[in-house]
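Colleague:
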Amino acid sequence: MARGDTGPDFIEALARGLDVIRAFQPGRPVMSLTEVAAAAGLARPTARRILLTLQELGYARSERNGFALTPRVLELGVSYVRSMSLWEVARPHLERLVTQTRESSSIAQLDGSDIVYVARVSVPKIVALSVQIGTRFPALQTSLGKVLLAALSPAEVERVLAEPSRSGIEPRWRPDAKERETVLRGVRAKGWAITDEQLALGIRSVAAPLRDGLGNVIAAVNVNAHAAETSLEKLTEEHLPLLLKTAGAISADWAMYEAVPHVTAS
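To convert, note that position 247 of the sequence shown is 343 in the numbering used here; the numbers rise steadily by one, no gaps.
Here it is as structure tokens:
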């Protein structure tokens with residue numbers, strides 16, 4: 097196939113092999129050697145050697161009327177998809193959300209009684225507590241943590257919060273069991289959580305759950321704002337709808353990612 101300028105490290109043989117694989121289009125599961133050569137823009141002897149190599153590697157098989165690809169070809173795409181992390185799936189959505197809100201956005205997961213930040217897109221602002229990937233905060237006093245705790249049963253919440261925090265942070269809000277359960281019940285009912293300077297002065301945020309294809313909460317995503325700059329009304333009326341839309345999009349992409357089958361060929 098026609099190519100533009102290529103560098104000195106370009107491997108033509110590899111490119112031709114990929115051309116042969118791409119020659120098999122929808123509606124043409126079996127192709128003759130002549131058809132493959134024409135579709136890939138290769139001489140018949142070259143196309144034949146490539147097809148036989150693919151056959152030996154398990155990516156193609158001989159048919160009575162020509163050649164066909166095998167399911168093992170799916171491994172080439174699955175390798176990319178399986179190498180992705182939640183961050184890779186979420187990144188473009190977080191970047192769009194930050195552009196829309198002009199506020200920082202993060203993803204966190206539960207680890208004992210703490211949340212741990214696993215992804216973040218930030219805007220430069222002076223805040224009371226610095227946040228980086230791997231930062232830990234007490235879960236109950238954050239919007240992210242409330243979402244994650246609300247996904248647990250009451251017994252699990254008790255067990256998790258019985259573990260001492262490893263964050264080194266002394267939160268401002270320390271509810272008793274009754275107040276805590278009331279708050280988490282509200283989060284379950286609404287499907288999102290808010291925190292207003294409960295962790296530290298100046299920190300205000302709203303969070304929503306991220307779910308897998310079975311509906312299980314796997315993480316939480318938030319919009320974080322400085323209390324002096326962003327009111328609760330703005331957080332819930334302007335930022336929350338955008339956050340919920342983003343959480344839904346990330347969850348849908350993650351479910352699609354999980355649905356990609358593992359392909360094993362012997």
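All residues carry an ideal CB built from backbone N, CA and C; glycine is no exception.
Quantities reported herein were computed from a predicted structural model and do not represent experimental measurements.
Assign residue 352 to buried or exposed, taking buried as 16 or more other Cβ atoms, counted over all protein chains shown, within 10 Å of its Cβ.
Modeller: As a first step, residue 352 is located in the sequence shown; it is residue number 256 there, counting from the start. Counting Cβ neighbours within 10 Å, residue 352 comes out exposed, since fewer than 16 surround it.
Colleague: Is it buried or exposed, residue 315, if we count other Cβ atoms within 10 angstroms and call 16 or more buried?
Modeller: Within the sequence shown, the letter at position 219 stands for residue 315. Answer is buried; the Cβ neighbour count reaches 16.
Colleague: Could you tell me if residue 216 is buried or exposed, where buried requires 16 or more neighbouring beta carbons within 10 angstroms of its beta carbon?
Modeller: Working through the sequence shown from its first residue, we reach residue 216 at position 120. Counting Cβ neighbours within 10 Å, residue 216 comes out buried, since at least 16 surround it.
Colleague: Can you tell me which of 161, 251, 145, 294 puts its alpha carbon nearest to the alpha carbon of residue 271?
Modeller: Here the question's residue 271 lines up with position 175 in the sequence shown. Residue 294 is the option with its Cα nearest to residue 271.
Colleague: Below 6 Å CB to CB, which residues in the same chain sit around residue 266 once its five sequence neighbours on both sides are set aside?
Modeller: Residue mapping note: residue 266 aligns to position 170 of the sequence shown, counting from 1. Cβ contact annotation for residue 266 (same chain, cutoff 6 Å, sequence separation greater than five): none.
Colleague: Which residues does DSSP pair with residue 234 in a beta bridge?
Modeller: For the purposes of this step, residue 234 is taken as residue 138 along the sequence shown, with counting starting at 1. For residue 234, which the question treats as bridged, DSSP gives the partners 210.
Colleague: Contact check, residue 115 vs residue 136 under 8 Å by CB: the rounded distance?
Modeller: On the sequence shown, residue 115 is found 19 positions in, with the first residue counted as 1. On the sequence shown, residue 136 is found 40 positions in, with the first residue counted as 1. That pair is a contact at about 4 Å.
Colleague: Quick one: grab the DSSP three-state call for residue 337.
Modeller: In the sequence shown, the residue the question calls residue 337 occupies position 241. Helix, per DSSP.
Colleague: Using 8 Å for Cβ pairs, my map puts residue 296 next to residue 318. What's the rounded Cβ distance?
Modeller: Residue 296 sits at position 200 when you count from the first residue of the sequence shown. Residue 318 sits at position 222 when you count from the first residue of the sequence shown. Not quite, the Cβ-Cβ distance comes to about 15 Å (not below 8 Å), so this is no contact.
Colleague: DSSP three-state call for residue 314: helix, strand or coil?
Modeller: By 1-based counting over the sequence shown, the position of residue 314 is 218. Residue 314 falls in the strand class under three-state DSSP.
Colleague: Whole-angstrom Cβ separation of residue 289 and residue 242, contact assumed at under 8 Å?
Modeller: Locating residue 289 in the sequence shown gives position 193, counting from the first residue. Locating residue 242 in the sequence shown gives position 146, counting from the first residue. Taking a contact as a CB-CB distance under 8 Å, the pair residue 289 and residue 242 counts as one, their CB atoms being some 4 Å apart.
Colleague: Given this structure, state the Cα-to-Cα distance separating residue 279 from residue 321, to the nearest angstrom.
Modeller: Position 183 of the sequence shown, counting from 1, holds the residue named residue 279. Position 225 of the sequence shown, counting from 1, holds the residue named residue 321. Between residue 279 and residue 321, the C-alpha separation is close to 21 Å.
Colleague: Under DSSP, the beta strand (DSSP E) around residue 239 begins and ends at which residues?
Modeller: Reading the sequence shown from its first residue, position 143 is the one you call residue 239. Element bounds for residue 239: not the beta strand (DSSP E) but the alpha helix (DSSP H), 239-246.
Colleague: Go through its chain and collect everything with a Cβ distance to residue 214's Cβ below 6 Å, but skip five positions before and after it.
Modeller: Residue numbering aside, residue 214 sits at position 118 when the sequence shown is read from its first letter. So the list reads 203, 205, once near-sequence residues are dropped.
Colleague: Classify residue 300 as helix, strand or coil using the three-state DSSP reduction.
Modeller: For the purposes of this step, residue 300 is identified with residue 204 of the sequence shown, where counting begins at 1. Strand, per DSSP.
Colleague: Looking at the secondary structure, which residues open and close the beta strand (DSSP E) in which residue 159 lies?
Modeller: The sequence position of residue 159 within the sequence shown is 63, counting from 1. Taken as a continuous stretch (DSSP letters only), the beta strand (DSSP E) holding residue 159 covers 156-159.
Colleague: Is the region 158-166 touching the region 128-142, taking contact as three or more C-beta pairs under 8 Å?
Modeller: yes
Colleague: Whole angstroms are fine: how far does the CA of residue 291 sit from the CA of residue 118?
Modeller: Counting from 1 along the sequence shown, the entry for residue 118 is found at position 22. Counting from 1 along the sequence shown, the entry for residue 291 is found at position 195. Those two C-alpha atoms are separated by around 52 Å.
Colleague: On a Cα-Cα basis, can you pick out the residue from 156, 102, 139, 108 that is closest to residue 120?
Modeller: Position 24 of the sequence shown, counted from the start, is the residue given in the question as residue 120. The residue with the shortest Cα to Cα distance from residue 120 is 156.
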